[in-house]
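There are 2 protein chains.
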Amino acid sequence: MTPAAQIDDVYAMKRKSPPKKSLTRKAASRAASIDADILPTLLGYNIRRAQIVLWRDFARTVADGEIRPGMFSAIALVKANPGIAQVELSTELAIDKASMVGLIDRLEDAGWIVRTRSQEDRRRQGLTLTPAGEKMYRTLKREMLEHEQKFAALYSESERKQLVTLLRRLHDAQP
Amino acid sequence: MTPAAQIDDVYAMKRKSPPKKSLTRKAASRAASIDADILPTLLGYNIRRAQIVLWRDFARTVADGEIRPGMFSAIALVKANPGIAQVELSTELAIDKASMVGLIDRLEDAGWIVRTRSQEDRRRQGLTLTPAGEKMYRTLKREMLEHEQKFAALYSESERKQLVTLLRRLHDAQP
DNA sequence: TATTGTTATACTCTATAACTATA
DNA sequence: TATAGTTATAGAGTATAACAATA
């Protein structure tokens, strides 16, 4: 089954023939107004739906479901910034430092990352990839790009760039 | 603190002065290649980040954090389709039917939704809003639009439409 | 046999609060 | 006082598997 593909059909169906199973007549007569189409017009709803689709394909394509997008991002940032502190990673990925601990624990348990106490500032844990982590990253990156490619293929290059630009404007906002 | 706002600064900082705290010299010299900027170019990364920002503002703006986006979507769909069955809601929101049970439980416990066994097909639970649910929905909708407006304001009308169009193409895809 | 809803179970993601150690 | 990391705790979201009732 591919639920995502049926969404528009379901909407169409709903619009053409409102459900007959309604059990409270009052509620039924009150509905079918403008409310029916609110959700599909909202940024939040569409981003959430897009995120779910990406999440699932990521799980299917990358690391056989063993790695989630958050873990991949962490590995990629450590690869790009060896020695980065956990708190910097938290800021970068916009998640709480407490949530980061568990994430790093998992990566350390898997043998891909090591924590090393900084000599200059002994509060900091510097993060670096192990050789196994480097190797894993190469595989991950290939699978990640394969995953990315499936979705990038939905767009022309200028559409893709535009989408990324518009999304960045959103996540850089601080409302 | 506003972590999201600092992301680009952090990137800039990283590019200008790579971290000095690196503890394994070998790893340090190996990095700083193309890998540093992979993440910000990926659709998945940007959608995930956007989703986090929206999620947080939603929690701040709507129902004082008592309602999450998934619950709002469920309420809005029941409002628009009184008598809708749980399985239809699952398909619509692209989540598993088993996950839907807990969600509906919470909405029923709060007194906003009632399940009513269908007479035509006794396997089905028809969902409708209670009067309290209808009232809650009106408040929720107002707060939701306020939340939406903060982000819609980042775009021109044509940009917003384009963003929604591009996102829909993504979540209607079945890769 | 297939569908609808449910329970049981498990794991990830996230947050808050309180703590330790270091600065 | 402030920062980096940790632990404890909690709740939401998700998924799979197995099951009962119904079609």
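Those protein sequence lines, which keep their order, are chains L and B. The letter at position 58 of the first sequence is residue 58 when you use the numbering used here, and the numbering goes up by one with no holes. Count along the second sequence starting at 1, add 1000, and that's the number in the numbering used here. Cβ coordinates follow ideal geometry from the N, Cα and C atoms, glycine included. Here the structure is a predicted model, which means the values were calculated and not measured.
Helix, strand or coil at residue i [DSSP, three-state]
i                       : result
residue 161 of chain L  : helix
residue 133 of chain L  : helix
residue 1075 of chain B : helix
residue 1062 of chain B : coil
residue 153 of chain L  : coil
residue 1042 of chain B : coil
residue 1173 of chain B : coil
Beta carbon proximity, residue i to chain L, threshold 7 Å
i                       : result
residue 1068 of chain B : no
residue 1170 of chain B : yes
residue 1094 of chain B : yes
residue 1076 of chain B : yes
residue 1173 of chain B : yes
residue 1167 of chain B : yes
residue 1127 of chain B : no
residue 1161 of chain B : no
Anticipated Cβ contact below 8 Å, residue i with residue j, distance rounded
i                       : j                       : result
residue 70 of chain L   : residue 1148 of chain B : Rounded, the Cβ-Cβ distance is 26 Å, inconsistent with contact.
residue 77 of chain L   : residue 84 of chain L   : 6 Å
residue 115 of chain L  : residue 127 of chain L  : 6 Å
residue 167 of chain L  : residue 1047 of chain B : 6 Å
residue 140 of chain L  : residue 63 of chain L   : 6 Å
residue 1136 of chain B : residue 1072 of chain B : No, residue 1136 of chain B and residue 1072 of chain B are not in contact; Cβ-Cβ is about 10 Å, not under 8 Å.
residue 103 of chain L  : residue 1053 of chain B : Not really, about 19 Å apart at Cβ, beyond 8 Å.
is_contact[residue i, chain B] using C-beta, thresh 7 Å
i                      : result
residue 25 of chain L  : Any answer about residue 25 of chain L is weak, because its pLDDT of 31 lies below 50 and its placement is not dependable; what the coordinates show is given next. So, not an interface residue.
residue 42 of chain L  : yes
residue 164 of chain L : yes
residue 224 of chain L : Any answer about residue 224 of chain L is impossible in this case: the structure gives chain L only from 1 up to 175.
residue 89 of chain L  : no
Alpha helix (DSSP H) runs contained entirely in the region 1065 to 1129 of chain B, provided each spans 4 or more residues: You should have 1069 to 1080, 1086 to 1093, 1097 to 1109.
Contact residues within the region 1044 to 1057 of chain B, judged by C-beta distance below 9 Å to chain L: Within the region 1044 to 1057 of chain B, those residues whose Cβ lies closer than 9 Å to any Cβ of chain L are, in chain order, 1044, 1045, 1046, 1047, 1048, 1049, 1050, 1051, 1052, 1053, 1054, 1055, 1056, 1057.
Contacting positions in the region 1136 to 1150 of chain B - beta carbon closer than 9 Å to chain L: Per Cβ criterion, the list reads 1137, 1141, 1144, 1145, 1147, 1148, 1150.
Chain B contacts from the region 91 to 118 of chain L (Cβ-Cβ distance under 7 Å): Listed by position along the chain: 91, 92, 94, 116, 118.
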